[in-house]
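Protein chains: 8
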Amino acid sequence: MLLEKGDQLLMIGDSITDCGRARPVGEGFAAALGDGYVRLVSALLTAVYPEKVIRVVNMGVSGNTVRDLKARRETDVLALRPDWLSIMIGVNDVWRQFDSPHMVETHVLPEEYEDTLETLVKQTRPNLKGLVLMRPFYIEPLREDAMRSTVDLYGEIVKKIAEKYNAIFVDTQAAFDKLLQHGHSSRYSWDRVHPELSGHMDIAKAFLDAIGFDWNRRDF
Amino acid sequence: MLLEKGDQLLMIGDSITDCGRARPVGEGFAAALGDGYVRLVSALLTAVYPEKVIRVVNMGVSGNTVRDLKARRETDVLALRPDWLSIMIGVNDVWRQFDSPHMVETHVLPEEYEDTLETLVKQTRPNLKGLVLMRPFYIEPLREDAMRSTVDLYGEIVKKIAEKYNAIFVDTQAAFDKLLQHGHSSRYSWDRVHPELSGHMDIAKAFLDAIGFDWNRRDF
Amino acid sequence: MLLEKGDQLLMIGDSITDCGRARPVGEGFAAALGDGYVRLVSALLTAVYPEKVIRVVNMGVSGNTVRDLKARRETDVLALRPDWLSIMIGVNDVWRQFDSPHMVETHVLPEEYEDTLETLVKQTRPNLKGLVLMRPFYIEPLREDAMRSTVDLYGEIVKKIAEKYNAIFVDTQAAFDKLLQHGHSSRYSWDRVHPELSGHMDIAKAFLDAIGFDWNRRDF
Amino acid sequence: MLLEKGDQLLMIGDSITDCGRARPVGEGFAAALGDGYVRLVSALLTAVYPEKVIRVVNMGVSGNTVRDLKARRETDVLALRPDWLSIMIGVNDVWRQFDSPHMVETHVLPEEYEDTLETLVKQTRPNLKGLVLMRPFYIEPLREDAMRSTVDLYGEIVKKIAEKYNAIFVDTQAAFDKLLQHGHSSRYSWDRVHPELSGHMDIAKAFLDAIGFDWNRRDF
Amino acid sequence: MLLEKGDQLLMIGDSITDCGRARPVGEGFAAALGDGYVRLVSALLTAVYPEKVIRVVNMGVSGNTVRDLKARRETDVLALRPDWLSIMIGVNDVWRQFDSPHMVETHVLPEEYEDTLETLVKQTRPNLKGLVLMRPFYIEPLREDAMRSTVDLYGEIVKKIAEKYNAIFVDTQAAFDKLLQHGHSSRYSWDRVHPELSGHMDIAKAFLDAIGFDWNRRDF
Amino acid sequence: MLLEKGDQLLMIGDSITDCGRARPVGEGFAAALGDGYVRLVSALLTAVYPEKVIRVVNMGVSGNTVRDLKARRETDVLALRPDWLSIMIGVNDVWRQFDSPHMVETHVLPEEYEDTLETLVKQTRPNLKGLVLMRPFYIEPLREDAMRSTVDLYGEIVKKIAEKYNAIFVDTQAAFDKLLQHGHSSRYSWDRVHPELSGHMDIAKAFLDAIGFDWNRRDF
Amino acid sequence: MLLEKGDQLLMIGDSITDCGRARPVGEGFAAALGDGYVRLVSALLTAVYPEKVIRVVNMGVSGNTVRDLKARRETDVLALRPDWLSIMIGVNDVWRQFDSPHMVETHVLPEEYEDTLETLVKQTRPNLKGLVLMRPFYIEPLREDAMRSTVDLYGEIVKKIAEKYNAIFVDTQAAFDKLLQHGHSSRYSWDRVHPELSGHMDIAKAFLDAIGFDWNRRDF
Amino acid sequence: MLLEKGDQLLMIGDSITDCGRARPVGEGFAAALGDGYVRLVSALLTAVYPEKVIRVVNMGVSGNTVRDLKARRETDVLALRPDWLSIMIGVNDVWRQFDSPHMVETHVLPEEYEDTLETLVKQTRPNLKGLVLMRPFYIEPLREDAMRSTVDLYGEIVKKIAEKYNAIFVDTQAAFDKLLQHGHSSRYSWDRVHPELSGHMDIAKAFLDAIGFDWNRRDF
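Protein chains in written order, with this note's numbering: chain A, -6 to 213; chain B, -6 to 213; chain C, -6 to 213; chain D, -6 to 213; chain E, -6 to 213; chain F, -6 to 213; chain G, -6 to 213; chain H, -6 to 213.
This is the structure we're talking about:
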């Protein structure tokens, strides 16, 4: 497993990350980590690697786009001095284009998204032991859905940046696509953006698999 | 306009009808009618046909399927002695099959749906001046979506029963399909089942058009 | 219809406009627009002209008089850069003279009202594609009522200014007077100032008629 | 003053009497008497006639019409064995005809009102030392207002019954008409039915004057 | 009656005056005046002298001593420019000596009380048409009670200052002493400091009597 | 100390005993015992005699008179099978005569008080290892106060019954009289009936002294 | 994995199971399953075996002992017709002996515990496809702690019964003992009974391991 | 008893001291002192030494370590000018090392603890008549528990400093150890840090014994 003893893992993103975390800093006992995948990641790290004493911090903020992450880089990432950082951002950048077509200033188009994310990654990567970029997803299997195809486009941008800056890429969309073969989107999410707990578990598993978590570890 | 002076119009259905109406009976001032299409129908009838003094009653109950409507026929319809009745039911009958596949006793399959609705209509029609059957809808334009195609099937059942029992059929799905040509489903609804107010206005308009409402009436 | 694709319509006024809108800016999904005529205007524009993607913003503030509107011109109108502006103000200017005769500093007398409104209109008109001035109303048919006759006087001032500055004038009082021929004031309002939803629908219809809204539009 | 030492005065009526009194019985310290004229009557009786130790009980219920009072006669009047009873009822009997013209079963027309009130008075009078009938009122000076003229009609019925059954008649409408010569209805009430505290004081004074209360009493 | 048309009467004091008044300024409709004697004074002035249009303002603050009144003179009295001012202060100055003997800095001893009150009166009197000084009271008839005898001492100071500065003196203690001849203190107050509504009515009557209020006035 | 290992001590009374205890039975951790002397007695018994494992149960009910205790004997005392019982009742029996002179049916006069208490004691004593009767008290040192002298009278009745039925008599009034030599009643209670915590400690000490509690016990 | 397509798994127990589940039946979306291990089990089953469509139901009740489970067998287990049942009970049976030594009727001693649990298992086993008995645990590594050694004793009883009735035994205590080698009890629980989320994850893992859950499953 | 007439005793510490005290200063009536040992100390001082009129002030803050006390020295101790000061601090300094091993910046290790406490004591002692240092405790009898042995170490530091700076040392751990001989830790505390009321009484007794409180005092 890639995380080392005493490492701090900071997870940043939008409402899917936030899930009601404590303010100003989402850390401490479980409720402080919100009620989503961050909390599950922390619980699994403690339950399976207790001696590693990993510190998980949730800095997600509901409604955030990549613009907000960039603005929060100093206060909400660097100031906390994480060893590892995970970023999952982009669905709001897309969603506003579809649910609020009249509020054009809230739309983050692909070019701006790519530039902003790349700047953020480039500036932050040197401060980190490891960086994880998680693909934004839409819990909809039909690729002809306009929002799904747009989210896919943003996901490709994330993948490209991950490769360029030596970050671990977590394909959350692929994880959901497997689940969607066995059930309608409404089984996993009421709005195709925010997952039920089973979906958060799906994200946590994809994340942990990507950092070499050993689910069958017994020798501790 | 088909409704006559002093007529009572009772509208029954599920959460799309309910929208927080008063209990036990949803009537009186506007808040008692919930915050959906029923309230809009009532406000438009009063604003355009004030001398008709139409009484609108909302008896929707969130989560209802056609089974529940049948069970409530005596207490929630006949006991109130409406002149006109509107029914919009079916989306929960379908939705549970998709969001709760493990809770099979909550699934109302097409045959049961048709039998139950037909019995309800047959028994109730003689007590009424007029009956309006509103098609259940799913705010999703892609017909290959499994839930959309299932809701379509239930909608056809409603249409068939409407024709057989001399009821006015309101094609709410067609009304939403027009809107969906000009915007993604997330513009009109966060879960494709419960509309934003613009969607409720769309339903109200479809209903009122079906009963001969004159939007340009000035001579009163 | 006079509004063009992508136009922003900002509606300002007192509690009849406000109706519990979101702060600091009343826009977004329906609840953010309050529970009055602004929300109905927005829903109707979306339901009948979805391709126009009109943005409606509610900047009403309960208790406001024309003095307050003038003070809020920069922050609450110009800063949001609307294409169209509607103003409905004046009933509080009058009401305080009748319900709080001892609080004389809250009374806005006709001369001050006219000067202030004219200044506001003159300064703001050049920044707008279109301006709508809605007449303040009192839901009371007896013109010998002292407050009705005073509100009428203020309404005439609005009409005069509308003509002078090329604004669309909406005669809401005339709309209510028609309703009052078919029912007592208590049917439409509990205090003759704040309408029930049917009254808000009445205002919305008067407004939309004035900007060329086609209620029977089907070809979209 | 007509009330004697240790007498219980029970005051029954609608929301104007109720004003948030305690349930099931409105008596005890001041908050239990609601926030209207009943509490003021009690406070004045205690402050000016402390040695009389009068017991005031508030049994008003919001929304009541004369039908409700009749139904509550046993449980809410006789069971408490008052010495004196005051009744003020009728405005809801009228109001529903104007604010809810579509809910015809809530309208208590003059004939039913008179019959019901007379039955109530006839059956209850023998159990009492004294009975006070207070005129229902509408805080509107223009007699051509349809609701004012209807309330006047009901007031005349009360007066007739008071004379026939040896009850003290309190002309609350006359008391309000004096106030309305010096201010608009909105100064005394927001809906012309429920008074501000000054209006409740007006009712309390009219009631106390009618039972011989000496405002300038000093010799105790 | 001494107050003239359009006069503003500002009443200042401690919790007995405050009674939950609105902040920052206690004026407007009745609830803004708190639930004590100030509200009763206002209601009686409106009900009996409606044409005078007297403005009553409540600036009481719970827990205040004379020190606080002095500190609030500019902001809470002069800035509001009253025509008449009433002051009732002193019971907290005394009470803290008895209920909190260990908190000596909260005790306002007689000398400080007299100096502070006199300074306040001397500086404020010239700005007023009339000044009313109401005696602080303790609802306890036994003069050998230590707190009663102390409050009596402070009351004498108030009386002396009233005479010296041409203020109307209202002997609220005498008014309560009459009531206490006909009932135990627990009938009028739960703690001998805060009156029940009957006690507030007693204060209001004493105040109004002192300014020449005509309880039997009919000719308006 | 008279209580033996495993004994249950049930304490019954009015609001001074109740103090917000749990329902239906006031036992378990400290909050369940209310916030008065019962909780203090329990904490002291545990802290000083931990090996005795005494079970303290609070069955006080606010507002109770001796009538209520008699009615609750079966359900609230016998059914719980206490070894020891303490009773403190009587202040409400007296208080209502003073604070609510008009509600005569709430007054428990001395004869009824004595008869009822004696019956209660006589019937219950045989079921108990020990019975403690605590004197009702009034936190007022002046014996010429009418309520103090009446409470004294009821206290003498309690003392007489305690002697007759072999119960331990706790003179809480004497305990408070000592405190009142060193401070005004308002230091220990805001209404002379409900003590501050120091007063509850005073009651707890008087009770524990009476059952032989050794405050200086160290040998456990 | 032992559970088959469409199986219902009902999990019963005390507060560790309950965790705020919905009433009367804890099923549906995730919040209805409480916030403990049941919810995690359900999420993991859905995320890794989506095609199995397993139905998980939480029937835990805070504070329950084995006595309560027996009493709830008909209504809370059989009536819901589960295919699989898990039981985790016993810590309250023990805890009351230690935290409430004075409330002896709440203590379930080993003999009663064994008899009751065995009866429950014997009667219920035939109705089930599979039964899982989870060992009660105490999050304390020192076996000389009196409560730990007592819980161990109860755990042995569960193990014995599991073997006798062909149930799967889940050794949750062993799972916690491993964690306690790498951290103090306060890291995993604030009271050594209720785990933090990491502890719930530990329970869920132990349970899923026991039923053959494949953590590395990818072929679906 | 060491405290003299009119002395102020300020008690500072962490959540065991705080217990919900009033902000910003915990003094006045009992609720302002929180619900722990401070309130009990105050009540006992008033009940047994009423003529001393001791002022007790609670300045505990939940979660505090010795670092926080040092930071609050000026504002929360010196500014209030106490005569006597008690300090009980240290359990959070230790606890975070065990419940939050990953949050290393919250760990106050022994050396820092000793230095900080000594500085605080040295600087503050000259301003005081008397200083009481209360040992931090852990309600766990097994000394091999890692947290118990660490708290013991910190307790020794406190003892050493008390001796060096002429402070009274209160051995709260010894007091709890006696109780733990007669019951499990869960009888006195749910988390071994925060005591039940019996434990707070235990602390209060240990404190009062240390300052020469005479439990059997009768001559006042």
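Yeah, the Cβ is synthetic: ideal placement off N, Cα and C, and Gly gets one too.
No experiment lies behind these values; they were computed from the predicted model shown.
| message | Less than 8 Å between CB atoms is the rule here; does H95/H satisfy it with respect to chain A? | response | Along the eighth sequence, one-based indexing puts residue 95/H at 102. Chain A, which has a Cβ nearer than 8 Å to the Cβ of H95/H, makes this yes.
Residues of chain H with a CB under 9 Å from the CB of E44/F: which are they? By 1-based counting over the sixth sequence, the position of residue 44/F is 51. Here the neighbours are Q174, H175 and G176.
Residues within the stretch 79 to 91 of chain B neighbouring chain A, beta-carbon criterion of under 8 Å: W88 and F91
- Query: Taking only beta-carbon atoms, is R136/H less than 8 Å away from chain G?
  - Reply: The residue labelled residue 136/H in the question sits at position 143 within the eighth sequence. It does not; no Cβ of chain G falls within 8 Å.
Could you name each continuous beta strand (DSSP E) segment of 3 residues or more that falls completely within the stretch -2 to 28 of chain D, going from the start of the chain to the end?
1 to 6
Could you spell out the range, first to last residue, of the beta strand (DSSP E) harbouring W88/G? In the seventh sequence, the residue the question calls residue 88/G occupies position 95. Careful: W88/G lies outside any beta strand (DSSP E), inside the alpha helix (DSSP H) at V84 to D92.
- Message: I'd like to know whether the C-beta atoms of I132/C and L78/C end up nearer to each other than 8 Å.
- Response: Counted from its first residue, the third sequence places residue 132/C at position 139. Counted from its first residue, the third sequence places residue 78/C at position 85. No, Cβ-Cβ distance for I132/C and L78/C is not below 8 Å.
| Given R74/G as reference, the closest of V59/G, S93/G, D28/G and V49/G once Cα atoms are compared | Sequence index remark: in the seventh sequence, residue 74/G carries index 81 (1-based). Considering only alpha carbons, the answer is V49/G.
Check your understanding: How big is the Cα-Cα spacing for R65/G and R211/H?
Key -> As a first step, residue 65/G is located in the seventh sequence; it is residue number 72 there, counting from the start. As a first step, residue 211/H is located in the eighth sequence; it is residue number 218 there, counting from the start. Each residue's Cα considered, the two are about 57 Å apart.
Practice task
At 7 Å on the CB atoms, spell out the chain G contacts of R32/A, in chain order.
Solution key: Along the first sequence, one-based indexing puts residue 32/A at 39. In chain order: L190.
Margin query: On the DSSP letters alone, give me the boundaries of the beta strand (DSSP E) that R48/B sits inside.
Written below: Position 55 of the second sequence, counted from the start, is the residue given in the question as residue 48/B. R48 to N51 is the extent of the beta strand (DSSP E) around R48/B.
M81/H and I9/H closer than 8 Å at C-beta: What you label residue 81/H is simply residue 88 of the eighth sequence in a count that begins at 1. What you label residue 9/H is simply residue 16 of the eighth sequence in a count that begins at 1. Against a cut-off of 8 Å, the Cβ pair of I9/H and M81/H comes out as a contact.
For I204/G versus V84/G, is the C-beta spacing smaller than 8 Å? Along the seventh sequence, read from residue 1 onward, the residue named residue 204/G stands at position 211. Along the seventh sequence, read from residue 1 onward, the residue named residue 84/G stands at position 91. Cβ distance not < 8 Å, so I204/G and V84/G don't count as in contact.
Requested in this report: Quickly, what does DSSP pair F162/F with across the bridge? List them, please.
Outcome: As a first step, residue 162/F is located in the sixth sequence; it is residue number 169 there, counting from the start. According to DSSP, F162/F bridges with L126/F.
* Asked: When the cut-off is 8 Å and only beta carbons count, does R141/C lie next to chain D?
  -> The residue labelled residue 141/C in the question sits at position 148 within the third sequence. For R141/C, the answer is no, since every Cβ of chain D falls outside 8 Å of its Cβ.
Within chain C, partners of D184/D - CB distance below 7 Å: As a working note, residue 184/D is residue 191 in the fourth sequence. Simply W183 and D184.
Residues from the stretch 44 to 59 of chain E in contact with chain C, defined by Cβ distance under 8 Å: V46, I47 and R48
N-terminal and C-terminal residue of the alpha helix (DSSP H) that S79/C is part of: As a position in the third sequence, residue 79/C is number 86, starting the count at 1. No alpha helix (DSSP H) holds S79/C; the beta strand (DSSP E) holding it covers W77 to M81.
- Would you decide whether P119/H is buried or exposed? Buried here means 16 or more other CB atoms lie within 10 Å of its CB. Reading the eighth sequence from its first residue, position 126 is the one you call residue 119/H. It is exposed - the Cβ of P119/H has fewer than 16 other Cβ atoms within 10 Å.
**Prompt:** Alpha carbon to alpha carbon, what distance is there between V34/C and G192/C?
**Reply:** As a first step, residue 192/C is located in the third sequence; it is residue number 199 there, counting from the start. As a first step, residue 34/C is located in the third sequence; it is residue number 41 there, counting from the start. Rounded to the nearest angstrom, the two C-alpha atoms are 13 Å apart.
Q) Tell me the DSSP bridge mates of S182/F? A) The residue given as residue 182/F occupies position 189 in the sixth sequence. DSSP, once it has assigned bridges, lists P188/F as partnering S182/F.
| message | Nearest by alpha-carbon distance to D69/G: which of E111/G, P17/G and H187/G is it? | response | Counted from its first residue, the seventh sequence places residue 69/G at position 76. With distances taken between Cα atoms, D69/G lies closest to P17/G.
*On a CA-only basis, which of R128/A, F22/A, D11/A and M(-6)/A is nearest S182/G? Give me that one, please.*
Taking the seventh sequence and counting its residues from 1, the one referred to as residue 182/G is at position 189. Minimum Cα distance to S182/G is reached at F22/A.
- May I have the straight-line CA-CA distance separating G171/G from E189/G, to the nearest angstrom? The sequence position of residue 171/G within the seventh sequence is 178, counting from 1. The sequence position of residue 189/G within the seventh sequence is 196, counting from 1. It should be noted that the sequence gives Lys, not Gly, for residue 171/G. If I take the Cα positions, the gap works out to 16 Å.
*Should K198/E go down as buried or exposed, given a rule of 16 or more other Cβ atoms within 10 Å for buried?*
Stepping through the fifth sequence from its first residue, residue 198/E is reached at position 205. So K198/E counts as buried.
Q.
Within 8 Å of any Cβ in chain H, is that where the Cβ of S179/G sits?
A. One-based indexing of the seventh sequence puts residue 179/G at position 186. Answer yes: the Cβ-Cβ gap between S179/G and chain H drops below 8 Å somewhere.
Rounded straight-line distance, which links the Cα of D202/B to that of L102/D | Translated into positions along the fourth sequence, residue 102/D becomes position 109. Translated into positions along the second sequence, residue 202/B becomes position 209. The straight-line gap from Cα to Cα measures roughly 37 Å.
- request: Could you check which residue in L3/E, V151/E and F162/E has the C-alpha nearest to that of E105/E?
  value: Counting from 1 along the fifth sequence, the entry for residue 105/E is found at position 112. Nearest of L3/E, V151/E and F162/E to E105/E, Cα basis: V151/E.
Helix, strand or coil at L110/E according to DSSP, with G and I counted as helix: As a position in the fifth sequence, residue 110/E is number 117, starting the count at 1. Of the three classes helix, strand and coil, the one that applies to L110/E here is helix, per DSSP.
Buried or exposed: which applies to F213/H, given that a residue is buried once 16 or more other Cβ atoms fall within 10 Å of its Cβ?
Counting from 1 along the eighth sequence, the entry for residue 213/H is found at position 220. So F213/H counts as exposed.
Through-space distance from A36/G to P129/A, alpha-carbon basis
Along the first sequence, one-based indexing puts residue 129/A at 136. Along the seventh sequence, one-based indexing puts residue 36/G at 43. In a straight line, the C-alpha of P129/A is about 21 Å away from that of A36/G.
DSSP three-state assignment for N57/F, whether helix, strand or coil: In the sixth sequence, the residue the question calls residue 57/F occupies position 64. Reduced to three states, the DSSP call for N57/F is coil.
Q) If the cut is a Cβ gap below 7 Å, which residues of chain K does K171/B touch? A) Note that chain K does not occur in the displayed structure, where the protein chains are A, B, C, D, E, F, G and H.
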